[in-house]
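Quick note on numbering: the sequence shown equals residues 0 to 785 in numbering that gives the first Met the number 0.
Below is one structure, written out as structure tokens, with a few remarks after it.
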Amino acid sequence: MKLFYMKPCDKLKLRRAKRVNRYEGYWEQTALPLGNGNLGLSVLDETEKETVVVNLKTLWTGGPSPSRPDYAGGNLIGKDDDGRTVYDYFKSVRELFSKRKDSEAAAMCDKLVGIEEGYGSYQCYGEIVFRTDGEYRRKEYARSLDLEDATYRVCRGGGLKKEYFVSIPDKVAVMKMTKDDGTLVLDVSFLSRHGARQRVTEKGIFHDGELLDNGLRFSAALLYETDGRVAVNKDSVRIENANYAVFYLAGDTDYLDNYPVYRTGEASEELSSRVVSAALEAKEKGYAKLYERNVTDYRALYGRVSIDLGGTKSKYPTDAALKKYPKKSFPKEEKRALEALMYQYGRYLTIASSQESDLLPSNLQGIWNVSDHPAWNSDFHLNVNLQMNYWPTYSANLAECAKPLIRYIDKMRKPARLSAEIYTGIASEKDERNGFLFHTQNTPFGWTCPGWDFSWGWSPAAVAWILHNIYEKFEYGQDKEELKNDIYPMLKESADYFSKLLVEGEDGRLVTSPCFSPEHGPRTIGNTYEQSLVWQLLKDAADAADALSVDREKSERWNATRARLKPIEIGADGQIKEWYFETKLGKIGQKKHRHLSHLLGLYPLNVIDKFQNPSEAKAAVVSLIDRGDVSVGWAMAQRLNSWARAGDGNHAHALIRSFFKNSVHFNLFDVHPPFQIDGNFGYTAGINEMLLQSNLGRIELLPALPDAWGSGEVKGLIARGNFEVSISFLSGRLIKADILSRAGGTARIYCRSIALKTDAQSETERDGTLVVALARGETVTVYPVE
Ligand code: FUC
């Protein structure tokens, strides 16, 4: 499994000619990413030089700053010129909606915003530039990113070779160049974009500095080791007559997620001594040992899942494969190989952008960003994007990588309680947390207000949505200690909060108010998006309480509230309505809108149950058809998952084809445009979902297998209940599946339209579900009945 190219980046014929900024457009299409969660490299190898873009995950402007003494997460505190608080407006908006004065209410929603000041943006740290005296031989050139060992390799010809990786255990990037005849000549510069104080010595290039915007400290050290001669120039270093040169890069900031300070408190010297020590320790270990240590840690995650969809090896370079993929004449084994590579790439990117010890989850570009003004600030977007980043994590057997997400949301609770109180008046009661509220856009600095424009900013249900990702950690892993200590407290607080937030609609059913269907509108009392999410939150919280045998009364109350929620409704065209006042399709809203907010009940939530309520599942299909198969990258990935949940493998595969054709760059980055990593993760989640589903109380094997996948095998996927599942299939039909229970428990195994059998003791239910009790560590093998 490897991405490979026979040309340097500047010789690739880029797909999209129209680029705003040549360097950025070019980088996002061709650079190859490496990372250990906190430190990211993306390598852009050109004929004349190589640029290694350096990213530090916590390098963000915004938040508290000496220049912003009043920073308060963007919240509008106090009274306006009319003597009213945002909470006063919130109450009025709700009252007006309840009295059906919809246009007045909608206009007043404009008061429910925050301030932009202090929002900030993810930054690019800078670039290392290597010049190798024009060593480039077209015929000998090869460049690759090997997903099996997370290593980038270049052979530039003339014996010059490079090998790079970013170490998970040793927290450094390592770059090795060799030229066995001892004629390696290299000019090296390392530039920070943030006015770092720089020292260039015979041992290394050292940076220290602070971001102008918020004083965030940063430090980086690039050490070198070579058998050649090192000549120090003012801003660069020249290495000559070498057989090899190895570079060790460490970097970090003084960011900490301790609201309201958001700093470690380290002095500049302390930070740089921490960074320099990491680089020195790495140098002491040396390349071979670092490589071995990293591969061990990396493979412990990556190696858990293998996949074969009917072709695993490609003879075509990745850029050529991508170009040929839509063509009928391209061999089907090659198509399957690209689909499988893209699948594993999503897992690779998860490992490289989200490690257990990280303070922050992956952002809109994971960790890789070359721009000073990235689109949407490369922030944490919660009306689909951050959620999508973590859709494949559990099912693709990478649960540890979700830790930073859980930590991030947990740490947001403190500032978000302020927003809950300021905007919705739900204040802390004795011994009770008041609930926390954040919305669409989020940063590392507790920016929890509803944006600076209601139309995209306001989205209380964003909280409920991300909490479902978090609850899934338990559903998959069954770790009760973690549920009790880290997950349930969040669910409980939020379920109580939403219970208080709900109002009675005209029909006596409970709804949230005001709401806005993400990026689509209009402003209403209640909509399907918010209803589905609140439903799921109340269910997750109640299920969690039951699993822990705690808060019985609360759990009953949450379930009772859930029963009173306004339900999903089916419209005149047989569609799932996005809004309650919707009649026929196409009367309101934008045709083919990218968001599928009204279909979250189908995926990723469990509101629409095809077994219990097939008419809703049918209506979801009507809505999916209405939304179409072509959209921006992430939106196609969401459609892919939704079609898989709808059980239509061939349509899911149509989405895969649409995705490859419209939305994938040569480096296999998903493009919105611009590059946005959510689609990569959404794609991987979609493949999981086609092969295995487990959200409706059973382990469903091959729920959406397309005809295009003739014979194949997947090993190591995870189903809810902590089962590890391996499945093989041939000509669209199950051959066999092994289900290993990692926690002990009853497996309910189902495969549509196929009766299953096993040698183990089992029972078969009316619809063919095989029920097998498994001890921890026990495996059951199932086959179709002939
Ligand atoms: C949501 C989407 C946009 C984009 C942005 C980062 O607002 O509607 O398409 O992905 O997030």
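Beta carbons are placed, not taken as given, at the ideal position from N, Cα and C, and that holds for glycine.
Between residue i and ligand 1, is the CB less than 8 Å from at least one heavy atom?
i	result
LEU595	no
GLN122	no
VAL663	no
PRO673	no
ASP677	yes
TRP455	yes
PRO517	yes
THR439	yes
VAL629	no
HIS380	yes
TRP375	yes
ALA634	yes
ASN384	yes
LEU363	yes
Looking only at its own chain, which residues have a Cβ that is under 8 Å from the Cβ of residue i, when we skip the five neighbours before and after it?
i	result
GLY585	ASP625
ILE76	ILE421
LEU509	LEU501, VAL502, GLU503, THR560, ARG563, LEU564, LYS565
LYS331	GLY309, GLY310, ALA707, GLY709
ASN441	ASP378, PHE379, HIS380, LEU381, LEU385, MET411, THR447
By DSSP, does residue i sit in helix, in strand, or in coil?
i	result
THR177	strand
VAL631	coil
LEU527	For the record, residue 527 in the displayed sequence is Thr; it is not Leu. It is helical.
LYS100	coil
ALA266	coil
TYR749	strand
ALA759	coil
GLU792	It is not possible to answer for residue 792, since the shown part of the chain is limited to 0 through 785.
LYS6	coil
ASP737	strand
CYS108	helix
PRO32	strand
Output the distance between the C-alpha atoms of residue i and residue j, rounded to the nearest integer angstrom.
i	j	result
THR57	LEU358	8 Å
GLY119	ARG237	37 Å
LYS10	LEU248	28 Å
ALA16	MET341	At ALA16 the pLDDT is 46, less than 50, meaning the model places this residue with poor confidence and gives no usable figure here.
GLU471	GLU555	21 Å
GLU224	ILE204	12 Å
SER166	ASN293	5 Å
ARG412	LEU436	8 Å
VAL231	THR200	6 Å
VAL620	GLY62	43 Å
ALA786	GLY157	Nothing in the structure corresponds to residue 786, since the chain is present only between 0 and 785.
ARG697	TYR301	26 Å
ASN679	LYS78	44 Å
PHE787	VAL173	Shown here, the chain extends from 0 to 785; a query on residue 787 therefore has no answer.
GLN787	VAL771	The displayed coordinates of the chain run from 0 to 785. Any statement about residue 787 would go beyond what the structure contains.
ASP132	TYR243	15 Å
VAL229	GLU162	21 Å
ASN388	HIS592	21 Å
GLY743	ASP542	19 Å
THR757	ASN640	30 Å
LYS202	SER276	13 Å
Who are the near neighbours of residue i in its chain, counting only those whose CB is closer than 7 Å to its CB and skipping five residues on each side?
i	result
GLY767	TYR749, ALA754, LEU755
GLN814	Given a span of 0 to 785 for the chain in the structure shown, any question on residue 814 remains unanswerable.
TRP451	VAL112, GLY113, ILE114, GLU115
GLN574	LEU584, ALA618, VAL621, SER622, ASP625
LEU690	LEU701, VAL713, LEU716, ILE726
Excluding the five sequence neighbours on either side, which residues of its own chain have a C-beta within less than 6 Å of the C-beta of residue i, listed in chain order?
i	result
ASP737	SER725, THR778, THR780
GLU474	ARG719
GLN122	LEU58
ARG303	ASN396, GLY715
GLN692	GLU699, PRO702
PHE453	CYS108, ASP109, LEU111, VAL112
Under 9 Å between C-beta atoms, does residue i make it to chain D?
i	result
PRO517	Note that chain D does not occur in the displayed structure, where there is just one protein chain.
Item to complete: Let me know the alpha helix (DSSP H) ranges lying completely inside the segment 386-424, each 4 residues or longer, listed in chain order.
Response: 402-423
Practice prompt. Taking only runs that begin and end inside the segment 570-622, name each unbroken beta strand (DSSP E) of 3 or more residues, in chain order.
Written response: Qualifying beta strand (DSSP E) stretches: none in this window.
Discussion item. As an exercise, report each continuous alpha helix (DSSP H) stretch of at least 4 residues that is fully enclosed by the segment 260-342, in chain order.
Written reply: As summarised for the segment 260-342, the continuous alpha helix (DSSP H) elements at least 4 residues long and confined to that stretch are 267-284, 286-301, 317-323, given in chain order.
Worksheet item: What are the uninterrupted segments assigned as alpha helix (DSSP H) that are 4 or more residues long and contained completely in the segment 135-196, given in chain order?
Response: Listed in chain order, there is nothing to give.
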